[in-house]
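Taking it in order: structure first as C-alpha cells, then the write-up.
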Amino acid sequence: MSTRDNEDRWEPSLSATKLAIHHHLKCDLYLHNSYHNSRPTRNTSKNNVNATTDLTKAQFQRGDEWERALNAWLDAEGLLIHVRSTGPLTSAELQDIIEFEERPHFFISGLYFNPPNSAFADRFAANGFRPVKFGVAKPDLVEVKRFEGKTQWQVIDAKASKEVKASHYVQTYFYHMCLEHMLSGSQYVPMGQVSIWIAPQTTLGGEASYKPSFDGLKSSAIELLSLTLDNFFFTKLPTVVQSSRDKVAWHYNPLCKGCPFEAECSERTVLERGLGLIPNLSIPDFEVLKSVLNLTRSRHPTAPQLSDIEDLAALVRPKGDLPNLQATHPALIKKAKRILHLPERSTIKGSTGSPRVNSALEKKVKLIDKRNFTLPKGEDIAILISLIIDPSTNDIAYYCISVISSVTYFSYRRLESAFSTKELVKALSNILQSILDLKQAPEYSKTTAQVYVYSVAERTALQRLLVQAALSADPLDEVFQSKLRLCIGALCEGASVLATTFQPSILSGAMLDFLGKKVDRSRSELLSCLSRLGLSYSQQWTNEMLRQTIESELERRKIEGGRGSCTTDDDDVSRNEIGLVPRVVAVEREVKSLLALPIPGYWDLRRCHAALRPNAVACPSDEEIFTAYRVEDDVLLDDLLKYRNQAIHDVVKATREHVQGAAKEDLLVNHARILSSDFMDVCRQDDLRKLFFMQQFEVLAKLNELWEARINGCPDAVILQYRYTHRRPSGDYQHFFELLSGNVDMATDKDRSFFNFILTEDKEDVEIPAEALFDDLGVFNCVFPLKKYNRFRWSQQARKIRQSVFVADVVDLRLQNNNTLVVAKTFGDFDLKLKPWAYYRLSPRLVDFNLTKVLSSLIEMDLKTPLHPGYMSLPPFLQLCSDPRGFASQSSVSPTESTKELLEKELLEKEKAIHTVLRELSRLNVDAASDLMLKPSQRRGLKRVLTHRLAIIWGPPGECQVQRVNRLEISFE
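If you read the sequence shown in full-length UniProt numbering, its first letter stands for residue 1, the second for the next number, and so on.
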C-alpha cells in the first residue's frame with residue numbers, strides 16, 4: 001500500500017502516552033494538536049526538538065533500562081509471562097493467556113490491544129459529546145492473583161523517575177478502563193487500584209544498577225482517581241479536542257521545551273504579543289496574570305482590548321488600575337506583584353512599571369530592582385565548572401574546570417577534564433590548593449575566589465558526588481581522603497554531614513557552653529577539643545591556656561567566615577557578610593533574580609548568553625555537547641565545554657555590568673570570600689556527627705528563609721502603626737500598635753516572653769534594610785530583656801541594628817473600634833524610641849534555647865565514646881533505645897548484671913534517704929527543702945531515671961519537666 005493510501009486512511013486518535021504528556025505539559029493546545037495532527041510532521045526547524053537527538057535518546061534510555069531490569073528480575077523470580085503477539089490481542093485471547101497459566105501469582109508483559117472505543121462512545125454520548133477515539137494500548141505490566149476462586153488484576157507502569165506524577169496515573173487509569181471491558185467476566189475482579197513501579201535511585205560506577213523490589217510499587221485507589229480522571233476523560237478531553245483551535249487555552253513556557261509544536265507556539269506568541277513573551281513564566285503564574293487581566297477587562301468592558309502584554313503594561317504603569325484592583329482583590333494582586341517584580345507595599349506612583357513586562361515590550365534587557373546576597377560583586381579568581389549529567393544514569397559523566405584570574409601571580413587559564421570521581425577530586429583539589437597556597441604570601445592574603453556552575457542541578461550533582469565519595473572512599477587512602485576533605489570543605493554548603501559555613505558560629509555557642517559548664521574539664525577533654533579544631537599546643541600549657549586557645553580559634557573562624565562580632569563603629573556592612581554567599585554559585589538562578597531578558601517562553605545558557613553578549617562566540621547547546629560526549633570525541637568535547645565555561649563567565653560579568661550601568665551597585669550586597677576549606681570534625685563518632693550536622697542544618701534552613709525575606713525589606717512582614725505606650729503597675733511598658741496588614745502569631749503561653757520578633761520602622765530603604773544585618777545567632781538563645789551579665793551580646797550587633805531595631809514580644813491582641821490593636825513589649829538600645837504614628841514592620845527572628853544544649857551534650861557524649869573498632873554494634877541513639885542499660889558504664893566493658901543490680905539498689909536507697917531528709921526539713925518550714933520535694937508521680941519518674949540509662953519524662957506544657965530534672969541533679973549533688 002502506498003504512503004498516499006496510508007494518509008487517506010488516517011483517523012484522529014490519542015494514545016495513553018500523549019494523554020500523559022498533556023498532563024506533564026499542562027497544555028490543552030498540545031492535546032488538540034495531537035488529536036487532529038496525529039501524523040508526524042516534517043519540521044526541519046532548529047527549534048523542533050522533537051527530533052530524536054542523542055540527549056532525547058538518553059532520557060528515554062533510563063526508562064527502557066529500568067523496564068528491562070524489572071522484567072528480568074520478575075522472570076528470575078518465576079513471576080513473569082511475556083506475551084509475543086503479531087497484532088493486537090482480543091479479549092478472548094487475553095483471557096486464554098490468564099486461564100492457561102497455573103501459577104497463583106504472576107505478571108504479564110508485552111500486552112498490546114485496541115481500546116474499547118465503542119464502549120467509550122456510549123459514555124461520551126451520555127455527557128453530550130461526540131466520541132473521541134484512542135490508539136493502541138500497551139501497558140507495561142498487568143499483575144494477576146488468584147484468590148478464593150477469583151482472578152484479581154491490576155495495571156502497573158514502570159517509571160524511572162524519582163517520584164510518582166499525575167501523568168503516570170493518567171496512563172494507568174486509561175489502561176485500567178480498557179481492561180475492565182476486556183476482563184468483564186464474573187471471575188475477574190479488579191484489585192481496586194493501579195500502581196507505578198518506581199526505579200530505585202541507585203547507580204554503580206556510572207552505570208544504572210537497578211535492584212528491583214516490591215517496595216518500589218506505589219499504588220493509588222481507583223475510587224480516588226476516578227473522581228478527577230473520569231471528568232477529564234469524558235468531559236474535558238472531548239471539550240478540548242472538539243473546540244476550534246483558537247478557543248483552546250495555551251501558554252508558551254519552559255515546559256514547552258521538547259514539544260513537537262514548540263516552533264509554532266513561539267511564532268504565535270510573538271505575533272499575538274501574548275504573556276509568553278515573559279520568559280520562564282510558569283503556568284500557575286500565567287493563570288494569576290490572566291485572572292488579573294480578566295478582572296480589569298470586566299471593569300472596563302468598553303475600553304479597546306489590546307494584546308495581553310500591552311494590557312498588562314497599561315495596568316501596572318504609574319496611573320494604571322492596579323491600586324483599585326488591589327483594594328478589592330488583595331491576595332490576587334499580591335501574587336501578581338511578586339510575579340512581575342513590582343514593589344509589594346509601596347504605591348505605584350513614581351514606579352516605572354514591571355521590568356519583566358517592559359523587557360518583553362521593548363525587547364531590551366531590564367534590571368530587576370531587587371537586592372541579592374548570593375551573587376558576589378566580584379572576585380579575584382573565578383573557578384568555572386561545567387558538568388555533563390547523563391540522563392540515562394542520572395550521574396555526572398564528564399567534567400570541565402576552567403580558572404579565570406585577575407591576580408598576576410595566578411594569571412593562568414587552565415582546563416581540567418575528568419572521567420572519574422577520583423580524577424575530578426584531584427583536579428579540583430589541585431586548583432583549590434594552589435589558591436590556598438597563594439594566601440600565604442602577604443600581598444595575596446586577601447585574595448578572593450568564587451566557584452560558578454550554570455544550574456542548581458549541576459551544583460547539587462557536584463556536592464552529592466563529593467559527599468557520596470566521602471561515604472564510600474577507602475579510609476586507608478590518606479592521599480585521596482586529604483584531597484576529598486579539601487574539596488568538601490571548600491565546595492559543600494549544607495550538603496555534607498561534615499561541615500557547614502555557619503558551623504563556627506553555631507559551634508562557638510555549643511563548644512563554649514560545653515567548656516563553660518560548672519564542671520572542671522579534664523585536660524584530656526581540652527586536648528581532644530584542640531585536636532578536633534586542628535590546633536597544636538605545648539605540654540607546658542595550663543588548662544586555662546588550653547581553654548583560651550580554643551575560644552580564640554572559634555572567634556578567628558567566625559571572623560574568617562564573615563561572622564565576627566561587630567564591636568567597633570566601623571562600617572558594619574563591609575565587615576560582615578549579609579546572608580550567605582554560596583560556596584558554589586548557580587548562575588542561572590542569579591540571572592533570573594536580577595535581570596529580565598527579552599526572550600519568549602524560556603531561556604537556557606545559550607539563549608541567555610546570546611542576549612547578554614550578542615557579539616561573543618556562541619555558547620554550544622546542550623544537544624551539541626551531549627552528542628560529542630556520546631560519540632567520544634574528546635577533543636571536540638573539551639573545546640565545547642571550554643566555550644561553555646567562558647559563556648558562564650561572560651553572563652556573570654554582563655549581569656554585574658547591568659547592575660553597575662543602572663547605578664544600582666547596592667543591589668549586590670556581598671563580596672566574594674577569601675577561599676577557606678576549614679571545617680570541624682567536632683564529633684568523631686560517625687552517627688553522633690550525623691546528628692550534630694542535622695541539628696546545624698535545621699538552623700541553617702531557618703536562617704536562609706529569614707535572609708531571603710530580610711534582604712528585600714521583609715515583604716510579608718506584619719505592618720503596624722504605633723499609637724501609644726502604657727506603663728503597668730509592675731513598672732514595665734506595653735506598646736500599642738494598630739494592625740494594618742498581615743497576621744500576627746501570638747504565643748499561647750502569655751506568661752513566657754520569647755521576644756521572637758524584630759520590630760523596625762517601615763520606610764522605603766535606600767540602603768540595605770536593617771533586618772538584613774541582624775545576627776540571629778548572637779542572641780538566639782538569650783532570654784529578653786537582657787541582664788547586665790549578657791547585655792554585651794546586644795552590643796555585638798551591627799551599629800545599624802542598635803540604632804534602628806527592637807526585638808519585640810507580642811503579649812496581647814485587642815479589638816477596639818473595629819480595629820485590631822497589637823500589644824507588645826520591646827527591647828533595644830536606651831536611645832532608641834518609638835515614633836508617634838510611624839509605621840513599623842514586624843518580622844520573625846530565630847529563637848532556639850535548646851540548640852547549644854543539644855550540641856554540647858553530643859560533644860560530651862562523643863568525647864566519652866571509645867574510638868576502637870567494634871565498640872558499638874548500633875549507633876548510640878539506637879543503642880539507648882534497644883538496650884537502655886548499655887550506657888551504664890563509660891568503659892568499653894559493661895558491668896555484669898549483678899553489679900548493675902547493686903548499683904540500682906544503692907541509688908534507690910540514697911534517693912529514699914534524701915527524700916526523708918527533705919521531708920523533715922520541710923516540716924521545719926525550710927522553703928528550699930519544700931522546693932525540692934517531689935510529688936508521688938515525680939518520685940516514680942526519678943526511680944525510673946535511677947534504674948535506666950534512658951528515661952523519658954513527659955507531661956503537658958507548664959509541668960516544669962526541665963525544672964524538675966534540674967532539681968533532681970541538685971539533690972544528688
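Yeah, the Cβ is synthetic: ideal placement off N, Cα and C, and Gly gets one too.
If the criterion is Cβ atoms closer than 8 Å, does the pair V365 and L668 meet it?
Their beta carbons are not under 8 Å apart, which means V365 does not touch L668 by this criterion.
In this structure, how does DSSP classify A596 when only helix, strand and coil are distinguished?
The answer is strand: DSSP assigns A596 an E or B state.
Examine the Cβ distances between the region 440-459 and the region 365-381 and report whether three or more of them are shorter than 8 Å.
Short answer: they touch.
Considering only DSSP beta bridges, list what R727 is partnered with.
Note: R727 sits in a beta bridge opposite Y733.
Determine whether the beta carbon atoms of S85 and Y112 lie at a separation below 8 Å.
Going by C-beta atoms, S85 is nearer than 8 Å to Y112.
Within its chain, find whatever has a CB closer than 6 Å to the CB of S15; leave out the 5 residues flanking it on each side and keep chain order.
Closer than 6 Å at Cβ, skipping near neighbours: G135.
Per DSSP, what kind of secondary structure is H609 in: helix, strand or coil?
Reduced to three states, the DSSP call for H609 is helix.
So, helix, strand or coil for K912, using DSSP?
Helix at K912.
Determine the closest residue to T421 out of L527, P442, D395 and L637, with distance taken between C-alpha atoms.
Closest option to T421, Cα to Cα, is D395.
Out of L813, S220 and L367, state which residue places its alpha-carbon closest to the alpha-carbon of V591.
The shortest C-alpha separation from V591 is found at L367.
One question on the structure: do V144 and T151 come within less than 8 Å of each other, judged by their Cβ atoms?
It is a contact, given that the beta carbons lie within the stated cut-off.
I believe L612 touches V651 by the beta-carbon criterion, under 8 Å. Please report the beta-carbon distance rounded to the nearest angstrom.
Yes, L612 and V651 are in contact; Cβ-Cβ is about 6 Å, under 8 Å.
Please confirm whether V453 and V316 have their CB atoms less than 8 Å apart.
For V453 and V316, no; Cβs fall outside 8 Å.
Please specify which runs of the alpha helix (DSSP H), each continuous and at least 4 residues long, are wholly inside the region 367-450, giving them in chain order.
List check, alpha helix (DSSP H) in window: 421-438.
Using the beta-carbon count (16 or more within 10 Å), is K800 buried or exposed?
Buried: at least 16 other Cβ atoms inside 10 Å.
Roughly how many angstroms lie between the CA atoms of I550 and Q660, to the nearest whole one?
Their Cα atoms are separated by approximately 43 Å.
If you pair each beta-carbon of the region 789-798 with each one of the region 846-860, do three or more pairs fall below 8 Å?
Segments in contact, no.
Following the continuous beta strand (DSSP E) through T820, name the residue where it begins and the one where it ends.
Start and end: N819 to F827.
So, are the CB atoms of N712 and V581 less than 8 Å apart?
Not a contact, by the Cβ cut-off of 8 Å.
Within 10 angstroms of the Cβ of K337, are there 16 or more other Cβ atoms? Answer buried if so, exposed if not.
K337 should be labelled buried.
For the region 176-192 against the region 156-165, are there 3 or more C-beta pairs whose distance is under 8 Å?
Judged by Cβ distances under 8 Å, the region 176-192 makes no contact with the region 156-165, as fewer than three pairs qualify.
Comparing alpha-carbon positions, which option in R923, L921, K910 and L361 lies nearest R939?
The residue with the shortest Cα to Cα distance from R939 is K910.
What whole-angstrom Cβ distance do R841 and V718 have, given they're in contact under 8 Å?
Indeed they touch by this definition, with Cβ atoms about 7 Å apart.
Return the residue from the list V132, E738 and L773 that minimises the CA-CA distance to N117.
Nearest C-alpha to N117: V132.
Where does V822 land, buried or exposed, given buried means 16+ other C-beta within 10 angstroms?
V822 should be labelled buried.
Taking H649 and I404 to be in contact with their CB atoms under 8 Å, please state how far apart those CB atoms are, rounded to whole angstroms.
Sure, about 6 Å apart at Cβ, within 8 Å.
Going by DSSP, what residue range makes up the beta strand (DSSP E) through I278?
Taken as a continuous stretch (DSSP letters only), I278 belongs to no beta strand (DSSP E), as it is neither H nor E.
Between the Cα of I196 and those of Q187, G216 and F480, spot the shortest distance and give me the residue it belongs to.
For I196, the nearest C-alpha among the options comes from G216.
Considering only their Cβ atoms, is the gap separating N790 from residue 986 smaller than 8 Å?
The displayed coordinates of the chain run from 1 to 973. Any statement about residue 986 would go beyond what the structure contains.
Just curious, the beta strand (DSSP E) that Y173 is in, first and last residue?
Counting along the chain, Y173 falls outside any beta strand (DSSP E), though it belongs to the alpha helix (DSSP H) covering A166 to M182.
Just to check my reading of the structure: K835 and E771 have Cβ atoms closer than 8 Å, yes? What is that Cβ distance to the nearest angstrom?
Not confirmed; about 18 Å, so no contact.
Anyone know if the C-beta pair for S528 and L863 falls short of 8 Å?
Yes.
Expressed to the nearest angstrom, what Euclidean distance is found between the alpha-carbon atoms of P12 and G601?
P12 and G601: Cα-Cα distance of roughly 29 Å.
At 3 residues or longer, what runs of the beta strand (DSSP E) sit wholly inside the region 248-304?
Within the region 248-304, no complete beta strand (DSSP E) run reaches 3 residues.
Going along the chain, which residues of its own chain have a beta-carbon closer than 6 Å to the beta-carbon of Y398, five neighbours each way excluded?
So the list reads I388 and Y629, once near-sequence residues are dropped.
On the three-state DSSP scale, how would you describe T151?
Note: T151 maps to strand in three-state DSSP.
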